[in-house]
Each structure stands twice: as C-alpha cells, then as structure tokens.
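Peer 1:
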Amino acid sequence: MAYSYDIIIFGGGIAGLFIANRLQRAGYNLILIEKDVLGGVQTLASQGMIHGGQKYVLQGGISGHAATIAEMPARWEACFAGEGEVDLSGVTFLSEQQMMFPAGSLLSALSVFAAAKAVQGKTRKLKRCKYPDIFRRGPVYEMQEKVLETKSLVTALSGHLEGQIYKGEVQELLPDGQVVVSGLPMRAQMIIFASGTGNETALSLLRIKEQHTQRRPLRQIMVKSLPDPLYGHGIESKPKPRVTVTSHPLGSGEYVWYLGGNVAEEGAKLSEGDALRFAKQEMQEIFPHIDWAQKEWASWCGDRAEPFDPDGHLPQGPCVQQRGKVLLAWPTKMTFAPVLADQIVERLRQSNIMSSAATEPPELPKPKMGLYPWEEARWQHL
Ligand SMILES: Cc1cc2nc3c(=O)[nH]c(=O)nc-3n(C[C@H](O)[C@H](O)[C@H](O)COP(=O)(O)OP(=O)(O)OC[C@H]3O[C@@H](n4cnc5c(N)ncnc54)[C@H](O)[C@@H]3O)c2cc1C
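Residue numbers (our numbering): 1209 to 1590.
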C-alpha cells in the first residue's frame, strides 16, 4: 500500500517551504520531505537580502530580472504584515535598510553617485553627520531593502506546516507520480522538487541525461569580531559590488561580518587560504581605519543551484520544469520565492490537480533546523 497525497514536495529551503505554505492555503493535502536539515543549504547561507532590483539596475540597465524583482518587496511586506499570500508575521529583521557606499579610489565615490542616480527615488543620500561610524567618507546612500534573519523565516514557514514535514531520502522516482522515500512507497498527483542541487538527483532518477542545471560557486568570507554592524554594498567602478556585507550578532555585543559580492566570486576560484588573504587585503583597502590584523577569518564554500543557462549566467528569474507528474523548481533568488510559488500554482491549475482529504502521515522522523555558516565555521588568524 502506497501512502497517497495530492502533493509531495522535496526540499526544506525557502523554495520548498514557501511553495508548501501556498499550496496548503489552497487546500492541498501535502507533505514536505527534507533529506537533511530545515533551512537547507543556500537559504541559511544566503545574505538574507530582499532585493528590490537596485542591485540589478546597477549591473547594467533595467533587465527583465530587475523589472520583476522590483515588485518583490511589496509582496514580502504584505506577508510580514500577516496580510499576504503566506503569513510571515513572525519573521525578524537584521536591518530595515541597506547602504550603498564607495569601496575604492575617488572614482568609486563617483560610481556610488552614478548608481544612486540610476535608481533615483529608491535611495536616500545620508547627510555627513548621519553616517554610521564605520564610514569615513561618502557619499553614502540608504536603500529601503530589508535584511532578514533567515532562521526566523524558516521557523515561520515551517511553523504553519506542523505534522507535514519529514526527514527522508528519495530512492526511486517515476514520472507518473510514484516515489519511494526511505523505503516507503508513496504516490502523489504531483511531485515537486525544490531541492537546490538536489534537483539533479531527481533528474538522474528520471534518467534524464541532457543538462538542465548549473551550479555557480561562491566562497563567502566571514570575519569576527566587529563592534558595529554593516548591511550594504561597497561600490567600485565595476558593475558588481566589490563587497556585499551583512552582519550577524555574536551574542557578546559584537558581530560577524559576512562578505559576499566580488570577494566571494573571486574567492571561489582560490584555495581557502588564498581567498581569506585576498578578502583581508580587500577589507584593508576599503576600510583602512579598521584593524584587520587581530580578526579571525573563515569561509563558506557552496554552489548557487540554478536551471541551466547556456552562457552560465544567473537566469532571468525563477523557473519550473515539468516531466509528467514531476515539477522541478528553482527560485534563483530567495527574493523570488513568491513568483516561483505563482508558477507552481499555475502548473497545478493547468494539470487539473484537485485538492482531496488528508491521508495517513508517513512513519518518518522530523528534520532539525540547520546552522548558519558562522555557527559551524573553522576560524583562523591570518
Ligand atoms: C552565499 C549566498 C548568498 C545569497 N544571498 C541572497 C540574498 O541576499 N537574497 C536573495 O534573494 N537570494 C540570495 N541567494 C540565493 C538564495 O539563497 C537561493 O536562491 C535560495 O536560498 C534557494 O533556495 P532553495 O530552497 O531552492 O535551495 P536550498 O536552500 O539549497 O534548499 C534546498 C533543500 O533541499 C534539500 N534537498 C536536497 N536534495 C534533496 C532530496 N533529494 N530530497 C529532499 N530534500 C533534498 C537540501 O538539503 C536543502 O535543505 C544567496 C545564495 C547564496 C549561495
């Protein structure tokens, strides 16, 4: 006897959890299977920024990506207020704003000015007397884009799925909606893989050989302990930020700075030691007044899991592919989770999937919450 559901979702990161919330609200009888820990791989390693498109405008004009992403903050805000498509009223924020600041020579000050002009109306130039202590020169601009405490997001989303989230390993998968999870046969009207790099497992179990996925590596850098938090993008004359910084409280009143942007892209091409030394040098140049010599450093190396793009770039937006009764979903950005869920809802409508009564829960354990990279980092002095 197979356990039977309307929908089985694989993946307990932002994509799987957001989709599960939307489908539960639509009345579907569903379960979510996570193979390891809640919060996944990319979600808890992310910088937690809800982008409103400014970053993409800076990277070369208003692309399709920037146009769609501009609508995202309002959808998330409605959710945070408990009035949106998903109730995220329990989510907490590290910051309500992100800064844009010069990260280089005099030219970078001009770049910040030009960048702020490009996204006019969405940024506010700070008066010099209002600069956070960390900045010794400007111009510094403030963007109203939130930075989330991502564990609180995972807790809020999983909290609405009490008794529906399990830990298990997919062993067999057929395009007609049959699947074996940790030895238990199951079937569903639709199976959804929202499992990041794990979507490759689904494609391989379905015996699909063509390339449908890509991985873009990053080596995020962590440095502690800093007395002040910083959230924002250090702009140079290049389109990508030289560094993107988020800060995470250590509990001692101090912070870990989590560094992305070009520091992480370049770091992915280097050994850990070289990447840390490169990051230290970058930070010395950007913030010469901070004593970086006494700090401790670590890195998180991982992949951004995405649908295949022939040029290897970030795809234009979220993506859903269908193989019979199996959907494969990639948000490409945490920010895009609501649009990904729209696409799933539309596929279910097109495939005529109806909701039915709840059925027996599987005998599987529950997954634990994952850790942030800085909670399991191996720190070193350089
Ligand atoms: C360093 C970094 C920084 C980022 N910063 C931002 C940001 O600031 N803002 C933003 O919008 N986006 C950001 N992103 C992108 C964003 O994090 C990802 O697009 C998003 O988290 C992907 O979510 P996901 O649920 O698809 O994947 P994941 O979070 O990777 O979750 C996938 C889950 O599926 C599980 N899984 C895998 N295989 C299986 C299987 N066979 N069965 C069951 N479960 C399985 C995994 O264990 C994992 O829990 C960042 C990404 C990275 C890597």
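Quick reminder that beta carbons are idealized off the backbone N, C-alpha and C, glycines included.
1) Round the Cβ separation of Lys1359 and Met1542 to the nearest angstrom and send it over; I've been treating them as touching at under 8 Å.
2) Does DSSP put Thr1567 in a helix, a strand or coil?
3) Is any non-hydrogen atom of ligand 1 found closer than 7 Å to the C-beta of Val1216, if you look at the structure I gave you?
4) Given a threshold of 16 other Cβ atoms within 10 Å of its Cβ, counted over all protein chains shown, does Ile1533 qualify as buried or as exposed?
5) Compute every distance between the C-beta of Leu1259 and the non-hydrogen atoms of ligand 1, then say whether any falls below 7 Å.
6) Would you mind working out which of Pro1496, Arg1586 and Val1528 sits nearest His1420, comparing C-alpha positions?
7) Is DSSP giving Val1294 helix, strand or coil here?
8) Quick check: Met1308 and Ala1322, are their CB atoms within less than 8 Å of each other?
9) Nearest to Gln1588 by alpha carbon, out of Leu1484, Ser1212 and Gly1385?
10) DSSP beta-bridge partners for Trp1538?
11) Where does the unbroken beta strand (DSSP E) through Trp1505 begin, and where does it stop?
12) Could you pull the DSSP bridge partners for Tyr1466 from this structure?
13) Consult DSSP for Leu1548 and reduce its assignment to one of helix, strand or coil.
14) Just to confirm the assignment, what range does the alpha helix (DSSP H) spanning Thr1363 have?
15) Using 10 angstroms around the beta-carbon of His1441, count the other beta-carbons present and answer buried if the total reaches 16, otherwise exposed.
16) Excluding sequence positions up to five away, which residues of its chain have a Cβ less than 7 Å from the Cβ of Glu1444?
17) Under the assumption that Glu1357 contacts Gly1248 (Cβ atoms under 8 Å), give the Cβ distance between them as a whole number of angstroms.
18) Please classify Gly1224: does DSSP put it in a helix, a strand, or coil?
19) For Ser1229 and Ile1215, what's the separation of their Cα atoms in angstroms?
20) Is the CB of Ile1277 under 8 Å away from at least one CB in chain B?
21) Can you tell me whether Pro1425 is buried or exposed? The criterion is at least 16 other CB atoms within 10 Å of its CB, across all chains shown.
22) If you count every other CB in all the chains shown that lies within 10 Å of the CB of Ala1396, and 16 or more means buried, which is it?
23) Check whether the Cβ atoms of Pro1518 and Leu1548 sit closer than 8 Å, and answer yes or no.
24) If you reduce the DSSP assignment to three classes, tell me which class Met1562 lands in.
25) Per DSSP, which residues does Gly1594 bridge with? Please list them.
26) When you compare each of Gly1220, Gln1551, Met1398 and Arg1345 to Ile1561 by their alpha carbons, which one comes out closest?
27) By alpha-carbon positions, which one of Ala1545, Leu1246, Arg1233 and Gly1260 ends up nearest to Met1331?
28) Below 8 Å on the Cβ atoms is my guess for Ser1366 versus Leu1238; work out the distance and round it to an integer in Å.
29) Given that a residue counts as buried once 16 or more other Cβ atoms are within 10 Å of its Cβ, and exposed if not, what is Arg1345?
30) Taking 7 Å as the limit between beta carbons, can you name the residues of its chain near Ile1270, skipping five residues before and five after?
31) Run the CB neighbour count on Lys1432, radius 10 Å, all protein chains shown included, and call it buried at 16 or more, exposed below.
32) List the residues that DSSP assigns as beta-bridge partners of Glu1242.
Peer 2: Let's see:
1) With a Cβ gap of about 13 Å, Lys1359 and Met1542 do not count as contacting.
2) coil
3) A small fix is needed here, since residue 1216 is Ile in this sequence, not Val. No, the beta carbon of Ile1216 sits no closer than 7 Å to any heavy atom of ligand 1.
4) Reading the sequence as shown, one finds Lys at residue 1533 and not Ile. Lys1533 should be labelled buried.
5) It should be noted that the sequence gives His, not Leu, for residue 1259. At least one heavy atom of ligand 1 is nearer than 7 Å to the Cβ of His1259, so yes.
6) Val1528
7) coil
8) no
9) Leu1484
10) Cys1527
11) Glu1504 to Pro1515
12) Met1430 and Thr1454
13) helix
14) Thr1358 to Gly1367
15) buried
16) Ala1311, Gly1312, Ser1316, Ser1319 and Arg1450
17) About 16 Å separates the two Cβ atoms, so there is no contact after all.
18) helix
19) This sequence places Asn at residue 1229; Ser is not what is there. C-alpha separation (whole angstroms): 12 Å.
20) Absent here is chain B; the protein component of the structure consists of one chain.
21) exposed
22) buried
23) no
24) coil
25) Residue 1594 is absent from the structure shown; the chain starts at 1209 and stops at 1590.
26) Met1398
27) Sequence inspection shows Thr at residue 1331; the Met mentioned does not correspond to that position. Closest option to Thr1331, Cα to Cα, is Gly1260.
28) Contact doesn't hold; Cβ gap of about 13 Å is too wide.
29) exposed
30) Low per-residue confidence applies at Ile1270: pLDDT is 44, beneath 50, and the placement is therefore not dependable, though the value from the model is reported in the following sentence. Once the five neighbours on either side are set aside, Ile1270 has no close Cβ partner at all.
31) buried
32) Lys1375
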